[in-house]
Amino acid sequence: MRKFVAERARNLITTRLSLASSSSAAPRRHPVPPRFFTSAQPGPPPSDSMSPSADSPSPAVTLDTINPKVLKCEYAVRGEIVTLAQQLQQELLAKPGSHPFDEILYCNIGNPQSLAQQPITFFREVLALCDHPAILDRSETQGLFSADAIERAWQILDQIPGRATGAYSHSQGVKGLRDTIAAGIEARDGYPADPEDIFLTDGASPAVHMMMQLLIRSEKDGILCPIPQYPLYSASIALHGGTLVPYYLDEAAGWGLEPSELKKQLEAAKAKGITVRALVVINPGNPTGQVLSEDNQRDIVEFCKKESLVLLADEVYQENIYVPNKKFHSFKKISRSMGFGEKDISLVSFQSVSKGYYGECGKRGGYMEVTGFSPEIREQIYKVASVNLCSNISGQILASLVMNPPKVGDESYESYSAEKDGILSSLARRAKTLEDALNSLEGVTCNKAEGAMYLFPRLHLPEKAIKAAEAAKTSPDAFYARRLLDATGIVVVPGSGFGQVHGTWHFRCTILPQEDKIPAVVSRLTEFHKGFMDEFRD
């Protein structure tokens, strides 16, 4: 029996590894770059193969009859390059040695545990106990779980209806968990937080969609977004029928944000008949990895107040700071420190359990803190949340644990601190190693990785390479990323999937591969890049 179970386990592990960092979505055959200041376009006409014949009924759904907003939506992080990587991985499993590399190195997505980052023990102990509370009363549990994890599980279960993680909760999330999160925000910022302002969500992404759904009425409504940007924003704006209004980060200034650029793009949008409703800020930056200065943040708050814009603050990387001279400050803290109260500025802050040092992407936990909206608007946000009933309870629990981890004196504190510090210090070392390696390559420049989980190097490609990309009917950065994958098994995302200044080319690379695999990433990339530049040298 044990032999059978072991064999089953090996088979399951092999299957799961083959699917790591994968997506089931197939790429579009003709990727469409982000459109700015444009409305959704109708879908392409059906091909001859899809045309109805006299002998068969018309297909119920064709590209010509689905929602055109879906056709407009793109999400490069799980796009064509990743699909090709999955195919190569299957080929390696079926026929080892069939490619010039022995494994696929996924550097395309911020998915830490798929790349062997271990979960935080205290968090998982509490989750296990909450999911199976029957073991809380067993004597052997005392030796298997820490005392503070057992105590925390009891506290949480007492707050959940029926003490059941399989039950629905309040649409904003379990009240006691929101109390805990509000207390954590207050401890972080030094300013009061109200649990009634907290909406627990299945990761930060649904919260972003909720706000886009609330703010966007038609293609005449625009959302100011940084370029480069995380494609969740361009995708959600497209799906909800709005217009992305770009403001460009200054690569030469470490991906800084100039207030004059915000004003310029706002006026340009108004001239085109676009009503700008909100400003998105990602801090620390994705894909760019910069951490905003306090002065920069104050400029942004002042701009939003003056222009009556909702400030959408993506702060999911707040724990990921790698340089000693930088520190995370929430936009709520900045606005309150400027003397602005809730009535002065509408602010939505997004947080997730998927990033930081915890990396619990698959648990789908997160929240948004919504301040500065009238009671009538709050009712509408609640209504939208109610349509989905509630977010998953395990994610809600994790969000509360992230904002209230073990404290000094708790049994788990030392092990928790060691795990947290070990992960963050390793990420900092990986970021520096990759940053230095990229800057050593001919024709590559890369800003410092101050935070988040990514590097966004610029490629200064030979004209011959650009012409080859044109002949292949693809963008030069996608051409480079495809060649890199085919030669090395390294998966990166072309910069065109995030937006970039016209005529510049980049790619996004995560810092998440295991630290002992970073040298392999560096050596493979270095060898490939030298060969690529030699091949296409002008």
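Sequential numbering of the sequence shown, starting at 1, is according to the UniProt record's numbering.
Don't be surprised by glycine CBs; every beta carbon is placed ideally from N, CA and C.
Endpoints, the alpha helix (DSSP H) within which serine 349 is located: Indexing the sequence shown from 1 puts residue 349 at position 349. Careful: serine 349 lies outside any alpha helix (DSSP H), inside the beta strand (DSSP E) at 347–352.
Start and end residues, alpha helix (DSSP H) containing alanine 313: By 1-based counting over the sequence shown, the position of residue 313 is 313. In the DSSP assignment, alanine 313 falls outside any alpha helix (DSSP H) and lies within the beta strand (DSSP E) extending over 310–314.
Isoleucine 321 and proline 375 closer than 8 Å at C-beta: The residue you call residue 321 lines up with position 321 of the sequence shown. The residue you call residue 375 lines up with position 375 of the sequence shown. Cβ distance not < 8 Å, so isoleucine 321 and proline 375 don't count as in contact.
Length of the line joining the Cα atoms of leucine 309 and arginine 429: What you label residue 309 is simply residue 309 of the sequence shown in a count that begins at 1. What you label residue 429 is simply residue 429 of the sequence shown in a count that begins at 1. Cα to Cα, leucine 309 sits roughly 38 Å from arginine 429.
Segment contact flag, the region 133–142 with the region 502–522, C-beta cutoff 8 Å, min 3 pairs: As far as the Cβ criterion goes, the region 133–142 does not touch the region 502–522, which means the pair count is below three.
Beta-carbon proximity check, proline 226 vs tyrosine 454, cutoff 8 Å: Here the question's residue 226 lines up with position 226 in the sequence shown. Here the question's residue 454 lines up with position 454 in the sequence shown. Contact: no.
Identity of the residue in Asp344, Ile274 and Leu401 nearest glycine 245 by Cα: Residue mapping note: residue 245 aligns to position 245 of the sequence shown, counting from 1. Note that residue 245 is valine in the sequence shown, not glycine. Its Cα nearest to that of valine 245, the residue Ile274 stands out among Asp344, Ile274 and Leu401.
Beta-carbon proximity list for proline 42, same chain, < 7 Å, skipping 5 on both sides: Here residue 42 corresponds to residue number 42 of the sequence shown, with the count starting at 1. Low confidence applies to proline 42: its pLDDT is 42, below 50, so where it sits in the model is not reliable, and the reading given next is rough at best. Sequence-distant partners of proline 42 (beyond 5 residues in either direction) whose C-beta falls short of 7 Å from its own C-beta, in its chain, are Pro68.
Spatial distance of histidine 30 from glycine 79 (CA atoms): On the sequence shown, position 30 is the one that residue 30 refers to. On the sequence shown, position 79 is the one that residue 79 refers to. Summary for histidine 30: the model assigns pLDDT 37, below 50, so the residue's position carries little reliability; its value from the coordinates is reported in the next sentence. C-alpha separation (whole angstroms): 11 Å.
Inter-stretch contact (C-beta, 8 Å, three-pair minimum) for the region 387–403 and the region 197–209: Contact between the region 387–403 and the region 197–209 is present, because at least three Cβ pairs lie under 8 Å.
Where arginine 508 falls, given that 16 or more other Cβ within 10 Å makes a residue buried: Here residue 508 refers to the residue found at position 508 of the sequence shown. The C-beta of arginine 508 has 16 or more other C-beta atoms within 10 Å across all chains shown, which makes the residue buried.
Touch test, the region 399–416 against the region 177–186, Cβ-Cβ under 8 Å, three pairs minimum: Touching, yes.
Buried versus exposed, by CB contacts within 10 Å (16 or more), serine 417: In the sequence shown, residue 417 corresponds to position 417, counting from 1. Counting the other CB atoms within 10 Å of its CB gives serine 417 a total below 16, which places it among the exposed residues.
Touch test, the region 479–488 against the region 217–237, Cβ-Cβ under 8 Å, three pairs minimum: The region 479–488 is not in contact with the region 217–237.
Between the CA atoms of alanine 471 and aspartate 64 - distance to the nearest angstrom: Working through the sequence shown from its first residue, we reach residue 64 at position 64. Working through the sequence shown from its first residue, we reach residue 471 at position 471. Their Cα atoms are separated by approximately 28 Å.
Between the CA atoms of cysteine 304 and isoleucine 185 - distance to the nearest angstrom: Within the sequence shown, residue 185 is the residue found at index 185, counting from 1. Within the sequence shown, residue 304 is the residue found at index 304, counting from 1. If I take the Cα positions, the gap works out to 22 Å.
The region 236–244 contacting the region 288–302, beta-carbon criterion three pairs below 8 Å: Contact between the region 236–244 and the region 288–302 is absent, because fewer than three Cβ pairs lie under 8 Å.
For arginine 537, the first and last residue of its enclosing beta strand (DSSP E): Against the sequence shown, residue 537 aligns to sequence position 537. Run containing arginine 537: none; DSSP gives neither H nor E here.
Length of the line joining the Cα atoms of isoleucine 120 and methionine 210: Within the sequence shown, the letter at position 120 stands for residue 120. Within the sequence shown, the letter at position 210 stands for residue 210. In a straight line, the C-alpha of isoleucine 120 is about 30 Å away from that of methionine 210.
Counterpart residues of valine 444 in DSSP-defined beta bridges: Looking up residue 444 in the sequence shown gives position 444. Secondary-structure assignment with DSSP links valine 444 through a beta bridge to Leu459.
Sub-8 Å separation of isoleucine 345 and leucine 312 beta-carbons: Along the sequence shown, read from residue 1 onward, the residue named residue 345 stands at position 345. Along the sequence shown, read from residue 1 onward, the residue named residue 312 stands at position 312. With contacts defined as CB atoms closer than 8 Å, isoleucine 345 and leucine 312 fail to qualify as a contacting pair.
Cross-strand partners of alanine 116 (DSSP beta bridge): Here residue 116 refers to the residue found at position 116 when the sequence shown is read from its first residue. Bridge partners of alanine 116: none, in fact.
Exposed unless 16 or more other CB atoms sit within 10 angstroms - verdict on tyrosine 357: Here the question's residue 357 lines up with position 357 in the sequence shown. Around the beta carbon of tyrosine 357, a 10 Å sphere encloses 16 or more other beta carbons of the protein chains shown; the residue is thus reported as buried.
Straight-line Cα distance separating serine 56 from tyrosine 168: Taking the sequence shown and counting its residues from 1, the one referred to as residue 168 is at position 168. Taking the sequence shown and counting its residues from 1, the one referred to as residue 56 is at position 56. Taking the CA atoms as reference points, tyrosine 168 sits about 46 Å from serine 56.
Span separating the alpha-carbon of phenylalanine 37 from that of glutamate 319: Along the sequence shown, read from residue 1 onward, the residue named residue 37 stands at position 37. Along the sequence shown, read from residue 1 onward, the residue named residue 319 stands at position 319. In this prediction, phenylalanine 37 has a pLDDT of 42, which is less than 50 and means its spatial position is unreliable; what the coordinates show is noted afterwards. Just so you know, the alpha carbons of phenylalanine 37 and glutamate 319 end up roughly 34 Å apart.
Touch test, the region 92–99 against the region 253–264, Cβ-Cβ under 8 Å, three pairs minimum: Fewer than three pairs of CB atoms, one per stretch, sit closer than 8 Å, so the region 92–99 makes no contact with the region 253–264.
Proximity to tyrosine 230 [Cα-Cα], best of Glu74, Ala468 and Asp421: In the sequence shown, the residue the question calls residue 230 occupies position 230. The closest CA to that of tyrosine 230, considering only Glu74, Ala468 and Asp421, is found on Glu74.
Delimiting residues of the beta strand (DSSP E) encompassing leucine 434: Within the sequence shown, numbered from 1, the residue matching residue 434 stands at position 434. Where leucine 434 is concerned, there is no enclosing beta strand (DSSP E), although the alpha helix (DSSP H) around it starts and stops at 413–439.
Local Cβ density within 10 Å of alanine 278, reported as buried at 16 or more and exposed below that: Here the question's residue 278 lines up with position 278 in the sequence shown. Burial is judged here by how many other beta carbons sit within 10 angstroms of a residue's own beta carbon; alanine 278 has at least 16 and is buried.
Through-space distance from phenylalanine 122 to glutamate 419, alpha-carbon basis: For the purposes of this step, residue 419 is taken as residue 419 along the sequence shown, with counting starting at 1. For the purposes of this step, residue 122 is taken as residue 122 along the sequence shown, with counting starting at 1. Glutamate 419 and phenylalanine 122: Cα-Cα distance of roughly 10 Å.
Histidine 240 burial status per 10 Å Cβ neighbour count (16 or more: buried): Position 240 of the sequence shown holds residue 240. Burial call: buried.
Which listed residue (Gly422, Asn447, Leu441 and Asp421) has its alpha carbon closest to that of residue 544: Only positions 1 to 538 of the chain appear in this structure, which leaves residue 544 out of reach.
Given 8 Å, three or more beta-carbon pairs between the region 108–115 and the region 360–369: Enough Cβ pairs lie closer than 8 Å, so yes.
Glutamine 90 versus alanine 478 - alpha carbon distance: Numbered from 1 along the sequence shown, position 90 holds the residue referred to as residue 90. Numbered from 1 along the sequence shown, position 478 holds the residue referred to as residue 478. Approximately 22 Å between the Cα atoms of the pair.
Histidine 502 classed as buried or exposed, judged by whether at least 16 other C-beta atoms fall within 10 angstroms: The sequence position of residue 502 within the sequence shown is 502, counting from 1. Histidine 502 comes out exposed.
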